[in-house]
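Novice: Dropping a structure here in structure tokens format, bear with me for questions.
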Amino acid sequence: MKVIRTTCAYCGVGCGVTAEVSGDGDRGVAIVGDRQHPANDGRLCSKGTHLGETVGLEGRLLRPMIGDSAASWDDALDLVADRMTDCIAQHGPDSVAFYVSGQLLTEDYYVANKLMKGFVGSGNIDTNSRLCMASAVAAHNRAFGEDVVPCSYEDLDATDLILLVGSNTAWCHPVVWQRIEKTRERRGTKIVVIDPRRTETAEQADLHVPIAPDGDTALFNALLAEMKRRGKLDQTFLRERVEADAGFWNGLDCDPGVTAGLFAKLCNLVAEHPRMVTLFSQGANQSVGGTDKGNAIINFHLATGRINRIGAGPFSITGQPNAMGGREVGGLANMLACHLGFSEQERDDVSAYWNAPNICAGPGLKAVDMFRAIHQGKIRFLWVMATNPAVSMPDSHFVREALARCPTVVVSDIIADTDTARFAHVRLPAHGWGEKDGTVTNSERRVSRQRALFPAPGETRADWKIMTDVAARMGWGESFAWDKPAEIFREYALMTALAKARGKVLDLTPHARVSDEEYEAMEPFQWGGERPMAWRFPTASGRARLVSVRPPVPVTSAGFPLRLNTARYRDQWHTMTRTGLSPTLSQHRPEPLLEVHPADAEALDLVDGGLGRVETASGSAVYRIQVSTGQRRGEVCVPMHWTDAMAGEGRSNRLPSQAVDPVSGQPGFKNGAARVVAL
Ligand code: SF4
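Oh and the sequence shown: position 526 is 525 in numbering that gives the first Met the number 0, straight run, nothing missing.
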């Protein structure tokens, strides 16, 4: 029996896990929470607890495949390198793209970013984190000058009021929720949920504010205007640490979008509790106005001085286990690397550090635009790593058409048959959780180790290794000559000196000289510390910015009168390729449900337990009906997880349009236009 400390595979809470591995070769493992990990103090949710049920080899991709035939690694890697080389030679570097994932480790992400932006010479690497928290990133950049989360989980232990915006925390970040509940018991902390739906979290709140979809910006503008009227602004902080867009203070008067009585209750709670954390998540981010929502929240905290203090701040919670690590190294198409942009000086710095022959000229295409460019034939080589865009992208029917048209699709994955893998010309078997070895960064900027529990099965390889083998075949072996993830980590950590030299908060240089043994034994650490911007914001002026924001115009479509929301279930994860393997997890919600308000159900002849088809301009999907007073009238909600293979017509991401936030490029999954037909 071996005991190995690692990090959970799922969400951005980043819980530490202690795995007891049987060691007899049957991949048996008992999972408990790691009591020494600061993110969870030994707690786990149902998904983390049942990780052991998902590590079997059923359905795994264990050999390279070219088409439907098993191939040697050499043949598969030669083909990938040749196709990419030919594509660059014939159509230029922007005809090549990588679509990667918050499931990758930071070391994998670093290699993918370096290969694309420094050697292929294109910015066309984007990640499924674009679907998750890109708007929060853009809001941080606009307000703080850098993508820095100003809070730590410890702030949740020491606060008097928590506003949960667009977050069903009890289901989607359960260990954070457990922490909040503990704080509430201990110090009587008040909890407010701002969400169109009466979720399981809202049921347990002191106050639920059921705004209209995308009503967050108007509500926070109105809240700030009211605090100004009540004399609750922090004038010293405003004078010394903050600057505002021209006309900022004149643009706050908005209709809060809720009844006067409810708004007054909210204002009273906020006015009485200056120690306040606003925790925001996908309900805020997944919107055509997601960046403005993030800035509306941050504006409020800046103007009232509720930031950089214990128990106070705007706190974006990420969805994926390593969305933050990907952001650090440059996995988003609009960042170069290590929080650096594309100025001539930054490009020169990065190019010199990498000794890169082809540093990219500027940002690449963000996810939705990337698949449009594939559809148009402009991108002709796509490498998808550890993600399933045929299911998870909005308007996924269009994405499938794009994949079918792409001359070369390479998929690195752990699962043999995903909806995306069916379009692959080459499939490369990658390490999964329990085999991976590297680091991840959670929502509070805490870097933790994921360690291997089992020997790699079949012919699977680490993602970073697969990419370095391709890079070597393309003539760049010297710059990708790593033998182990510790070497990649050191190169990345040392590179953050470039960010530090430009006044950025991101700084891992104290860890850049860890030995292999120290890397192996590395304890979780938090870059930026608990108060990363206590003395200075990483802008040119050193001050944070109040950004003028406006509520978004809803996406409407003639003949589609209902507002369509999409949501996650407590015990499922993304497209269910992992959680679908656990019988225990599948018991919670065995099938996807369409939640409808009773009045809408009556008007549309929908009966509880019957079937209904949701139709949008993009597609349709069939669900079992759940009549629920938790829905607002005129709005319906479906889960995001199920794929065609699992649920026939129940695939939800056929339904949302390709509309995105104009700043962040994040799709608006939460407020589409739909109609429902009884079957
Ligand atoms: Fe894993 Fe997230 Fe659950 Fe923690 S809260 S155990 S990281 S799924």
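Cβ coordinates follow ideal geometry from the N, Cα and C atoms, glycine included.
#1: Cβ of Y9 versus every heavy atom of the ligand SF4: is any distance shorter than 6 Å?
#2: What's the call for M384, buried or exposed, on a 16-neighbour Cβ count within 10 Å?
#3: Taking 7 Å as the CB-CB cut-off, is A221 touching chain D?
#4: Are there three or more Cβ pairs, one per stretch, closer than 8 Å when the segment 614-627 is compared with the segment 239-255?
#5: Between which two residues does the beta strand (DSSP E) harbouring A75 extend?
#6: Could you tell me which of A295, H272 and Q285 sits nearest to D244, measuring between CA atoms?
#7: Whole angstroms are fine: how far does the CA of P320 sit from the CA of Y9?
#8: In this structure, what does DSSP give as the bridge partners for F97?
#9: Report yes if the C-beta of C44 is less than 6 Å from at least one heavy atom of the ligand GTP; otherwise report no.
#10: Would you say the beta carbon of P173 comes nearer than 6 Å to a heavy atom of the ligand SF4?
#11: Would you mind giving the Cβ-Cβ distance between V546 and A137, rounded to the nearest angstrom? I have them listed as a contact below 8 Å.
#12: Use the C-beta contact count for M115: other C-beta atoms within 10 angstroms, 16 or more gives buried, fewer gives exposed.
#13: Return the chain-ordered list of same chain residues with a C-beta closer than 7 Å to the C-beta of H272, the five sequence neighbours on each side being excluded.
#14: Does any heavy atom of the ligand SF4 sit closer than 6 Å to the C-beta of V54?
#15: Would you say F479 and T495 are within 7 Å of each other, going by their C-beta atoms?
#16: With a cut-off of 8 Å on the beta carbons, I'd call G758 and T508 a contact; round off their distance for me.
#17: Starting from the Cα of P597, find the closest Cα among R444, G55, G608 and A429 and give me that residue.
#18: Tell me the residue span of the beta strand (DSSP E) that contains H207.
#19: Going by C-alpha distance, which of P661, T576, F668 and M334 is nearest N652?
#20: How is the beta strand (DSSP E) around S447 delimited, first residue to last?
#21: Along the chain, where does the beta strand (DSSP E) that runs through A321 open and close?
#22: Taking 8 Å as the threshold, find out whether the segment 452-467 comes into contact with the segment 19-29 through three or more Cβ pairs.
#23: Could you compute how far the alpha carbon of W641 sits from the alpha carbon of Q203?
#24: Just to confirm before moving on: does the CB-CB distance between Y108 and G330 stay below 7 Å?
#25: With a threshold of 16 other CB atoms inside 10 Å of the CB of N354, please say whether the residue is buried or exposed.
#26: Please classify N220: does DSSP put it in a helix, a strand, or coil?
#27: Short check: CB of F279 to CB of G165, under 7 Å?
#28: Just curious, the alpha helix (DSSP H) that G671 is in, first and last residue?
#29: Label Q630 either buried or exposed according to how many other C-beta atoms from any shown protein chain fall within 10 Å of its C-beta, with 16 as the threshold for buried.
#30: In chain order, what residues of the same chain lie with their CB nearer than 7 Å to the CB of H587, ignoring the 5 residues before and after it?
#31: Do the CB positions of V28 and G51 come within less than 7 Å of each other?
#32: Can you give the Cα-Cα distance for A169 and N127, rounded to whole angstroms?
#33: When you compare only the Cα positions, how much space is there between V12 and L301?
#34: Could you tell me which of Q665, V662 and R674 sits nearest to L603, measuring between CA atoms?
#35: Could you spell out the range, first to last residue, of the beta strand (DSSP E) harbouring A420?
#36: For M0, which residues in the same chain have their Cβ closer than 8 Å to its Cβ, ignoring the five residues on either side in sequence?
Specialist: If we stick to the structure as given:
#1: Your numbering for residue 9 matches position 10 in the sequence shown. Flag set: Cβ of Y9 near the ligand SF4.
#2: Walking along the sequence shown from the start, residue 384 turns up at place 385. Buried.
#3: No chain D is part of this structure, which consists of one protein chain only.
#4: Output reads no: the segment 239-255 does not touch the segment 614-627.
#5: As a working note, residue 75 is residue 76 in the sequence shown. Per DSSP, A75 lies in no beta strand (DSSP E) segment; the continuous alpha helix (DSSP H) that holds it begins and ends at W72 to H90.
#6: Against the sequence shown, residue 244 aligns to sequence position 245. When only C-alpha atoms are compared, the closest one is A295.
#7: Taking the sequence shown and counting its residues from 1, one reaches residue 9 at position 10. Taking the sequence shown and counting its residues from 1, one reaches residue 320 at position 321. If you take the alpha carbons of Y9 and P320, they lie about 5 Å apart.
#8: In the sequence shown, residue 97 corresponds to position 98, counting from 1. When DSSP reads this structure, F97 sits in a beta bridge with I124 and W382.
#9: As far as ligands go, the structure on display features the ligand SF4 and does not contain the ligand GTP.
#10: Along the sequence shown, one-based indexing puts residue 173 at 174. The beta carbon of P173 sits closer than 6 Å to at least one heavy atom of the ligand SF4.
#11: Residue 546 sits at position 547 when you count from the first residue of the sequence shown. Residue 137 sits at position 138 when you count from the first residue of the sequence shown. The Cβ separation is near 10 Å, so there is no contact.
#12: For the purposes of this step, residue 115 is taken as residue 116 along the sequence shown, with counting starting at 1. So M115 ends up on the buried side.
#13: Within the sequence shown, numbered from 1, the residue matching residue 272 stands at position 273. Closer than 7 Å at Cβ, skipping near neighbours: D159, L160 and K189.
#14: Locating residue 54 in the sequence shown gives position 55, where the first residue counts as 1. No.
#15: The count along the sequence shown starts at 1 and reaches residue 479 at position 480. The count along the sequence shown starts at 1 and reaches residue 495 at position 496. No, the Cβ-Cβ distance between F479 and T495 is not below 7 Å.
#16: Any property of residue 758 remains undetermined from this structure, which presents the chain solely from 0 to 678.
#17: Taking the sequence shown and counting its residues from 1, the one referred to as residue 597 is at position 598. Residue nearest to P597 within the set R444, G55, G608 and A429 is G608 (criterion: CA-CA distance).
#18: On the sequence shown, residue 207 is found 208 positions in, with the first residue counted as 1. Membership of H207 in the beta strand (DSSP E) is indicated by the continuous run L206 to V208.
#19: In the sequence shown, counting from the first residue as 1, residue 652 sits at position 653. The residue from P661, T576, F668 and M334 with its alpha-carbon nearest to that of N652 is F668.
#20: Your numbering for residue 447 matches position 448 in the sequence shown. Start and end: R445 to Q449.
#21: Within the sequence shown, the letter at position 322 stands for residue 321. Correcting the residue identity first, residue 321 is Asn in this sequence and not Ala. It is not in any beta strand (DSSP E) - N321 carries neither H nor E in the DSSP assignment.
#22: By the Cβ rule, the segment 452-467 counts as touching the segment 19-29, because three or more pairs are nearer than 8 Å.
#23: The residue given as residue 641 occupies position 642 in the sequence shown. The residue given as residue 203 occupies position 204 in the sequence shown. W641 and Q203 have their C-alpha atoms some 27 Å from each other.
#24: Numbered from its first residue, the sequence shown carries residue 108 at position 109. Numbered from its first residue, the sequence shown carries residue 330 at position 331. A contact, by the Cβ cut-off of 7 Å.
#25: Position 355 of the sequence shown, counted from the first residue, corresponds to residue 354. Result: exposed.
#26: For this step, residue 220 is matched to residue 221 along the sequence shown. Here N220 sits in helix by DSSP.
#27: Sequence index remark: in the sequence shown, residue 279 carries index 280 (1-based). Sequence index remark: in the sequence shown, residue 165 carries index 166 (1-based). Cβ atoms of F279 and G165: closer than 7 Å.
#28: Taking the sequence shown and counting its residues from 1, the one referred to as residue 671 is at position 672. Here G671 belongs to no alpha helix (DSSP H); instead the beta strand (DSSP E) covers G671 to A677.
#29: The count along the sequence shown starts at 1 and reaches residue 630 at position 631. Using a 10 angstroms sphere on the CB of Q630, the tally of other CB atoms reaches 16 or more, which defines it as buried.
#30: Here residue 587 corresponds to residue number 588 of the sequence shown, with the count starting at 1. Listed in chain order, the non-local C-beta contacts of H587 below 7 Å within the same chain comprise Y568, R569 and D570, local neighbours out to five positions each way being set aside.
#31: Position 29 of the sequence shown, counted from the first residue, corresponds to residue 28. Position 52 of the sequence shown, counted from the first residue, corresponds to residue 51. Yes, the Cβ-Cβ distance between V28 and G51 is below 7 Å.
#32: For the purposes of this step, residue 169 is identified with residue 170 of the sequence shown, where counting begins at 1. For the purposes of this step, residue 127 is identified with residue 128 of the sequence shown, where counting begins at 1. The alpha-carbon atoms of A169 and N127 are separated by roughly 23 Å.
#33: By 1-based counting over the sequence shown, the position of residue 12 is 13. By 1-based counting over the sequence shown, the position of residue 301 is 302. Those two C-alpha atoms are separated by around 25 Å.
#34: Here residue 603 refers to the residue found at position 604 when the sequence shown is read from its first residue. Checked all of Q665, V662 and R674; the closest Cα to L603 is R674.
#35: For the purposes of this step, residue 420 is taken as residue 421 along the sequence shown, with counting starting at 1. Here A420 belongs to no beta strand (DSSP E), and DSSP marks it neither H nor E.
#36: Against the sequence shown, residue 0 aligns to sequence position 1. The residues are E19, V20, S21 and G22.
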